[in-house]
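Student:
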Amino acid sequence: MSRPFHLLADGLPNLAQPLDLAALAALHPLWSADAAALASIAGSGNLGPTAVVLCGECASTMDVARHFAGQGALGPWGSVIAPVQRAGRGQLRRAWLSRPGNLLATLVCPLESGLWNDLRPLVLGYLFAEALSALGQPVQVKWPNDLLRRENKVAGILVEERSECVLAG
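Okay, so the sequence shown: first residue is 0 according to numbering that gives the first Met the number 0, each after it adds one.
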């Protein structure tokens with residue numbers, strides 16, 4: 000049986016370290032319970048196109064997702080998650096820093112043409128806000144790409160399109 004979650008076992012030189020579940024659990028209390036759960040649900044071997052790849056510290060989840068998408072190993076709706084990134088990017092390529100305990104993720108989006116590409120950050124923000132609100136965490140979208148909870152920024156969505164690959168981080 001194919002499992003959707005894959006732990007990056009070998010790492011990627013200059014991009015991502017392997018994921019060590021013990022190190023993940025020690026990183027932050029919020030990751031501790033997740034590490035225990037991941038041990039029982041994660042698979043290994045070949046990625047499926049919609050896999051969720053869990054890696055250790057990385058340059059950025061966007062760079063890792065682009066790497067796998069460029070190899071054809073990760074397709075639309077596949078994603079990469081990391082607990083720490085060294086070179087994350089925000090709007091206008093500003094450095095995106097994150098403290099331990101946060102979730103850093105990139106989603107590979109299907110290629111579309113026309114107006115959809117221009118609206119992608121807002122639509123994705125709306126969808127994430129709806130999903131979080133359904134989980135009991137009311138979140139609102141602040142134009143063009145921030146998610147707010149009680150007027151505090153809890154996330155930002157960056158969309159990049161390069162080499163026939165659209166990524167939302």
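The beta-carbon is built from N, C-alpha and C at its ideal position, and this holds for glycine as well.
Is the beta carbon of Val107 less than 8 Å from the beta carbon of Pro75?
Tutor: Taking the sequence shown and counting its residues from 1, one reaches residue 107 at position 108. Taking the sequence shown and counting its residues from 1, one reaches residue 75 at position 76. Yes; because the gap between Cβ atoms is below 8 Å, this pair is in contact.
Student: If we require 4 or more residues per run, which alpha helix (DSSP H) segments fall completely within the segment 3-81?
Tutor: Fully enclosed alpha helix (DSSP H) runs of 4 or longer: 20-26, 28-40 and 60-69.
Student: Determine the DSSP secondary structure at Leu110, reduced to helix, strand or coil.
Tutor: Numbered from 1 along the sequence shown, position 111 holds the residue referred to as residue 110. DSSP places Leu110 in coil when its eight states are reduced to three.
Student: Grab me the residues of Arg161's own chain with a C-beta within less than 8 Å of its C-beta, minus the 5 sequence neighbours each way, in chain order.
Tutor: Against the sequence shown, residue 161 aligns to sequence position 162. Arg65.
Student: Evaluate Gly113 with the Cβ neighbour count: other Cβ atoms within 10 Å of its Cβ, from every protein chain shown; 16 or more gives buried, anything less gives exposed.
Tutor: As a working mapping, residue 113 is identified with position 114 in the sequence shown. Looking at its Cβ environment, which holds fewer than 16 other Cβ atoms inside 10 Å, Gly113 is exposed.
Student: On the DSSP bridge list, what partners appear for Gly87?
Tutor: Counted from its first residue, the sequence shown places residue 87 at position 88. Its beta-bridge partners are Trp95.
Student: Gln136 bridges to which residues according to DSSP?
Tutor: In the sequence shown, the residue the question calls residue 136 occupies position 137. Note: Gln136 sits in no beta bridge, so no partner.
Student: Note down, in chain order, each residue of its chain lying with its Cβ closer than 7 Å to the Cβ of Gln139, except the 5 sequence neighbours on either side.
Tutor: Here residue 139 refers to the residue found at position 140 when the sequence shown is read from its first residue. If we look at Gln139 and ignore the five residues flanking it on each side, its Cβ neighbours are Ala128 and Leu147.
Student: Just grab the DSSP bridge partners of Gly155 for me.
Tutor: Against the sequence shown, residue 155 aligns to sequence position 156. Asp145.
Student: Do you know how far the Cα of Gly55 is from the Cα of Asp19?
Tutor: For the purposes of this step, residue 19 is identified with residue 20 of the sequence shown, where counting begins at 1. For the purposes of this step, residue 55 is identified with residue 56 of the sequence shown, where counting begins at 1. Approximately 7 Å, taken between the alpha carbons.
Student: Report the rounded CA-to-CA distance for Ala41 versus Leu6, giving the unit in angstroms.
Tutor: The sequence position of residue 41 within the sequence shown is 42, counting from 1. The sequence position of residue 6 within the sequence shown is 7, counting from 1. Answer to the nearest angstrom: the Cα atoms are 6 Å apart.
Student: Give me the Cα-Cα distance between Gly47 and Ala68, rounded to the nearest whole angstrom.
Tutor: Position 48 of the sequence shown, counting from 1, holds the residue named residue 47. Position 69 of the sequence shown, counting from 1, holds the residue named residue 68. Cα to Cα, Gly47 sits roughly 11 Å from Ala68.
Student: Do you know whose CA, among Gly71, Gln136, Gly155 and Leu134, lies nearest Asn144's CA?
Tutor: What you label residue 144 is simply residue 145 of the sequence shown in a count that begins at 1. With distances taken between Cα atoms, Asn144 lies closest to Gly155.
Student: Can you round the beta-carbon distance between Leu103 and Thr60 to whole angstroms, since I take them to be within the 8 Å contact cut?
Tutor: As a working mapping, residue 103 is identified with position 104 in the sequence shown. As a working mapping, residue 60 is identified with position 61 in the sequence shown. With 8 Å as the limit, Leu103 and Thr60 qualify as a contact, their Cβ atoms being about 5 Å apart.
Student: What residue does the beta strand (DSSP E) around Leu102 start on, and which one ends it?
Tutor: Looking up residue 102 in the sequence shown gives position 103. Per DSSP, Leu102 belongs to no beta strand (DSSP E) and is neither H nor E.
Student: Within its chain, find whatever has a CB closer than 8 Å to the CB of Lys141; leave out the 5 residues flanking it on each side and keep chain order.
Tutor: As a working mapping, residue 141 is identified with position 142 in the sequence shown. If we look at Lys141 and ignore the five residues flanking it on each side, its Cβ neighbours are Leu147 and Lys152.
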